[in-house]
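Going down the list, the sequences are from chains A and B. Residues in the first sequence are numbered from 911 upward in steps of one, following the numbering used here. Residues in the second sequence are numbered from 290 upward in steps of one, following the numbering used here. For every residue, glycine included, the Cβ atom is placed at its ideal position computed from N, Cα and C.
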Amino acid sequence: MAGRRIAGGPGVGGTTGQKFARKDVAAKVAGLVSYSGDTQGAGMLHARLVRSLYPHARITEIAIAAAQALPGVAAVLTARDVPCNVLAEDPSGTGGGVFTQPVLASTEVRYVGEPLAVVVAASPVLADAAAQLVKVTYEPLPAVFDPGLALADDAPPIHPGGNLCVQWHVNKGNVEEVLAQAPVVIQREYATQFVDHAYLEPEAGSAWLEADGVIVIRAATQVIEHYRRLAGMLNLPHSRVRLIAPYVGGGFGGKEDMTVEPYLALAAFHTRRPVRMVWSRQESLQARPKRHPMRFQYTVAASRDGKLEAVDINILADAGAYALLTPRVLFAAAVVASGPYRVLAARVVARAGYTHNVPSSAFRGFGAMQAAVAYEQIMDELAETLGMDPLELRRKNFLQRGDELATGERVETAVWLPETLNAVQAALGPEPQPSRPGLLVGRGYAMNMQPYGRTVWFGDQAAVWMGLENDGSFHLRAGVTDVGGGQAAVLGQIAAEVLGVLPEAVTVHFGDSALTPLTGGTFATRQLYMSGNAAVRAAESLRERIQRVAATLCGGDAKTVVIESQGVRTARGSARWHEVAAAARQAGVALEVLETFFAESGPGYDNRRGTAARTFPDFTYGCHGCDVEIDPETGQVQILQYVASHDVGRAINPLSVEGQIQGGVAQGIGYALTEEVLFHEGQCLNGTLAQYLIPAAADLPPIRALILESGEGKGPLNARGIGEPAISPVAPAVANAVARALGGARVRSLPITGEKVVDTLFER
Amino acid sequence: MKPAAFDYVRADTIDEVVSVLAQNPGEARILAGGQSLIPLLNMRLAAPTVLIDINRLRQLATLAEEPGASLATGCLVTQRSLEHYARAHPAWALLAAGLAHLGHPQTRNAGTVGGSLAHADPAAELPLLLTILGGVLEAQGPSGTRLIPSQEFFRFMYTTALAPDELLLAVHWNRPPSASGFGFHEVSGRHGDFALVAAAALVTLDGSGRIDEARLAVAGPGPTPLLVNEARMLHKTSGTPQDFAGLAEIVVEGLVPLDSLEAKAEFRAQLTRVLIIRSLTDAWQMAQQKAEGEIRHD
């Protein structure tokens, strides 16, 4: 079902498609926003984690007496203090496997940084000192750090069920047969690395116990629905735990799994006092889940004139020590592994192996991004083999509406691959020229398809509440978490559009599991799609009620009632808001509504056959292109210009869309060129932002965002999601430009460092 | 993280600084611009018991040309002030070129010349610039002031000739010959990061257009900036690419480059080779342009 086209209210709304700066942005720039770590009060305690120093060890003792004895220490909590010390999840949603993880490890640790104890003390300094007094006795055990080795027969078992975390299959046609007969077959391998979310705001929050026994956690999280898991951990009814998410200073998937929440909840539960916890950047880089490193083996067959015939793909990911969202991430990689192209036959095997590395989990792009690194590079390599222009090869094979994906599902919305490619090509202009002799230049492109919304078998839903005050202002309540993309503000804008009022008339209250209707978390590029559609419904429903009351009050047809800032008007008369409110009371009409949007749902994935009637609700398509200049003697890669285009269905606030694209490209450039969290036997080697190189302003090229609108998204007002799509094509676009500049020599692992460029040129 | 506890002394006189240093041998650190020290404290890589803030000693924040062809910079002169001065005075253009790579305008506004030199990071720009230009450092200890020639100042990574009870007062930079040309090249992980390798060269030509004097210094591969003595071998050569490449090869053969996360030894050697050649080439070309300009003037 396509999203309904909304004509906009009959009044003064109509801000859709206009660039405007959100109020929260100005407040953030002015330093007025109170983030999760900013809550500090008298009597507040400070919590710190004691983490494992070994990648794999048996724990024989955790001695806490010395820490407990330190004056000012309120509690030292270990596994025995956790009422239910297991977090369980079925991340694929298919019943394929329930994965468990302890809140605090007690007998065995499986990665460096795994939490063992929570120290709660009167100040951060005391908490640090006490944490150092907790004496853990380890018996080191054999460890494995490579997923390939972990899946070998003689590898030490990481979990009782073995070291295979997940294995997905996608099958279409007879790959063996097509490969055997194909005139051109190429085979390539690509590799990606561990990277960190490196958000501005660290993992942080506070927690306290209310007089009625409710434990409140106010934390930087993408998912307030974690309150249920926290209640489970504490053996409390779900209604006794409340999770509040103020504005989050960047999530990118890194705050999708819980971070500080369980430890804060435990500390408040045991001490009955307010507690604060903030992780250091070193903790974050060492011990927070990372983006999955993946290794890709691609075999691609084509006809001599460049028609793709078959793809045979093997993906191996490093899940790290615990599953977290690995099964879901690998699924996204598997579904889009053949890219936005028509293929007659496809076979994808996507596996993740456990290791004793830090767990990998959600990160903007979510597996589909790593897959783009492979499928867009091999398109260029195939073009080179065929002696074809890489863009011509792509155009020949572009997916189109009505086509069947490798999973067997049909694409039913607009696929604006040619449009985005044309836009980028035109914007890049003439081919780059070296700025001085000796330098090499190249231009590269990458297309992508990125799902938005959860896989259909999750039966996803989101609820929004709206109400009218008797002064004509509106409340909108939604449990969205706003990670900086304007997830809250846009709901007000959508509601205003539907009601026909100015966005300022709608105040959005968000991110409170007890007081705002649940929308589901901000992940999977689902928030606009889900909550946005719920906001449309809530605003429509409220508008209809207002119109009904107004028609009674003023006379005339309800459908012709116009909502204005002072009140309502019909052809026959007008009424002020307080009169509308009084009339509604009189008539027994509540000017408040709760509407729930249910996403399209469907049966689970058939992993045995490797097919589905539908996986994700829809995809966002796009094209990125850039010019690079390379100094072949030093290997330094400079991006000269960057252009990114996506069909976003409809740009509700183009400024926010552009912000997502600019940010996605910047983050993607770090992934492409400089970022890698380095581990040696599980120990992080570059645990500061002086060593882990995220690009700064001076390192970034001019980035142009070209927003296209097919009008065919499944989100509100026909919008498509853009949060994740904007980052996915960056690395392959840069890699293709670099390979062009190097005359076909290609660095097949990320990041493309100066050192690798020099080595690659040397080898040639 | 936050620093370990320390005592804080805000000094009003140089004597006070020296006396506190002497009372806390090896335990006190000088706080100037704080651009290196504060992160080290916060990371607890340094844990001095006393921090002596010298920012009130404004007499140490002066910059002046001196007779005898040198530029005196008090230790509290900011990197940004020196950069502005160097940009406005072509004789010091090499300083301007090198300082442009030092951190960012924001850090240069706070970071001091003396602080960077005394910190002696092996990949920092100011130690390299002092090594190539040459000069004298003035330090004060309990028994008075003394002068330290630049070539004796850097001893090892983060280690200088300053005694634990000495304060670096000022640096006297040698002014390069007016006819000389210079080159400065650096490769770093990102804009403003410490160099993986940086190289600086100064070349003066004789009347016949051959090289009269060549100076060359490299930072990054070793524990201190390296003044390349072998640059003498360029004397009387005509500065061909082969001459420069030959010298670069000799330098690289003699190096055991630092092997680190940021760059493996082999890559550092390659960068050293390339940046030496580029710096010498730039310096030679600039010297030639200056010579031609003078000929035209005559």
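Assuming residue i contacts residue j under a Cβ cut-off of 8 Å, what Cβ separation, rounded to an integer in Å, is found between them?
i              : j              : result
residue 1660/A : residue 1582/A : 6 Å
residue 253/B  : residue 527/B  : With chain B covering only 290 through 587, there is no way to say anything about residue 253/B.
residue 1265/A : residue 1055/A : 5 Å
residue 1272/A : residue 1166/A : 4 Å
residue 1009/A : residue 1233/A : 4 Å
residue 1421/A : residue 1156/A : 7 Å
residue 1331/A : residue 1252/A : With a Cβ gap of about 16 Å, residue 1331/A and residue 1252/A do not count as contacting.
residue 1351/A : residue 1340/A : About 11 Å separates the two Cβ atoms, so there is no contact after all.
residue 1745/A : residue 1486/A : Look at the range of chain A in this structure, 911 to 1674, and you will see that residue 1745/A is not part of it.
residue 1646/A : residue 1286/A : 7 Å
residue 1680/A : residue 1060/A : What the structure shows of chain A is the stretch from 911 to 1674, and residue 1680/A is not part of that stretch, so it cannot be assessed.
Could you give the DSSP three-state label for residue i: helix, strand or coil?
i              : result
residue 994/A  : coil
residue 1073/A : coil
residue 1473/A : strand
residue 1000/A : coil
residue 1354/A : strand
residue 1187/A : strand
residue 302/B  : coil
residue 1462/A : helix
residue 555/B  : helix
residue 1194/A : helix
residue 1362/A : strand
residue 1516/A : strand
residue 446/B  : coil
residue 1025/A : strand
residue 1482/A : coil
residue 1375/A : strand
residue 292/B  : coil
residue 318/B  : strand
residue 525/B  : coil
residue 1333/A : helix
residue 952/A  : coil
residue 348/B  : helix
residue 475/B  : strand
residue 1367/A : helix
For residue i, count the other beta carbons within 10 Å of its own beta carbon; 16 or more makes it buried, fewer makes it exposed. Which is it?
i              : result
residue 911/A  : Residue placement at residue 911/A is flagged as unreliable, the pLDDT there being 33, under the threshold of 50; the coordinate-derived value follows with that caveat. By the neighbour-count rule (16 or more Cβ atoms within 10 Å), residue 911/A is not buried but exposed.
residue 988/A  : buried
residue 1168/A : buried
residue 1131/A : buried
residue 1525/A : buried
residue 1436/A : buried
residue 1450/A : buried
residue 408/B  : buried
residue 1136/A : buried
residue 1120/A : exposed
residue 971/A  : exposed
residue 587/B  : Because the pLDDT of residue 587/B is 39, which lies under 50, any placement of that residue in the model is unreliable, and the number read from its coordinates should be weighed accordingly. By the 10 Å Cβ count, residue 587/B comes out exposed.
Is the region 1399–1407 of chain A touching the region 936–951 of chain A in the sense that three or more CB pairs, one from each, lie closer than 8 Å?
-> Contact between the region 936–951 of chain A and the region 1399–1407 of chain A is absent, because fewer than three Cβ pairs lie under 8 Å.
Interface residues of the region 552–579 of chain B facing chain A [CB-CB below 7 Å] | The residues in question are 552, 553, 556, 559, 560, 563.
Got a sec: which bits of the region 1593–1617 of chain A sit with their beta carbon under 9 Å from any beta carbon on chain B, in order along the chain?
-> Correct list: 1595, 1596, 1598, 1600, 1601, 1603, 1604, 1605, 1606, 1607, 1608, 1609.
Are there three or more Cβ pairs, one per stretch, closer than 8 Å when the region 1355–1366 of chain A is compared with the region 1525–1537 of chain A?
-> A contact exists between the region 1355–1366 of chain A and the region 1525–1537 of chain A.
Which residues, taken in chain order from the region 1538–1554 of chain A, show a beta carbon closer than 7 Å to some beta carbon of chain B?
-> Answer in chain order: 1543, 1544, 1546.
Quick one: which residues of the region 1020–1037 of chain A get their C-beta closer than 9 Å to a C-beta of chain B? List them in chain order.
-> Listed by position, the residues of the region 1020–1037 of chain A near chain B (Cβ gap below 9 Å) are 1034, 1035.
Can you give me, in chain order, the residues of the region 1651–1668 of chain A that have a beta carbon less than 8 Å from any beta carbon in chain B?
-> Within the region 1651–1668 of chain A, 1664, 1665, 1668 place their CB atoms closer than 8 Å to a CB of chain B, listed in sequence order.
For the region 403–413 of chain B and the region 452–460 of chain B, state whether three or more C-beta atom pairs, one from each stretch, are separated by less than 8 Å.
-> Taking a contact to require three or more Cβ pairs closer than 8 Å, the region 403–413 of chain B and the region 452–460 of chain B qualify as touching.
Residues within the region 1573–1589 of chain A neighbouring chain B, beta-carbon criterion of under 7 Å = Hits within the stretch, in order: 1584, 1588.
Inter-stretch contact (C-beta, 8 Å, three-pair minimum) for the region 1628–1644 of chain A and the region 565–579 of chain B = The region 1628–1644 of chain A and the region 565–579 of chain B do not touch, with fewer than 3 CB-CB distances between them shorter than 8 Å.
For the region 413–422 of chain B and the region 489–496 of chain B, state whether three or more C-beta atom pairs, one from each stretch, are separated by less than 8 Å.
-> The region 413–422 of chain B makes contact with the region 489–496 of chain B: 3 or more CB pairs, one atom from each, lie closer than 8 Å.
Where the region 458–483 of chain B meets chain A: residues whose CB sits under 8 Å from a CB there = Hits within the stretch, in order: 476, 478, 479, 480, 481, 482.
Between the region 943–958 of chain A and the region 1180–1200 of chain A, are three or more C-beta pairs nearer than 8 Å?
-> Two segments are said to touch when three or more pairs of C-beta atoms, one from each, lie closer than 8 Å; by this definition the region 943–958 of chain A touches the region 1180–1200 of chain A.
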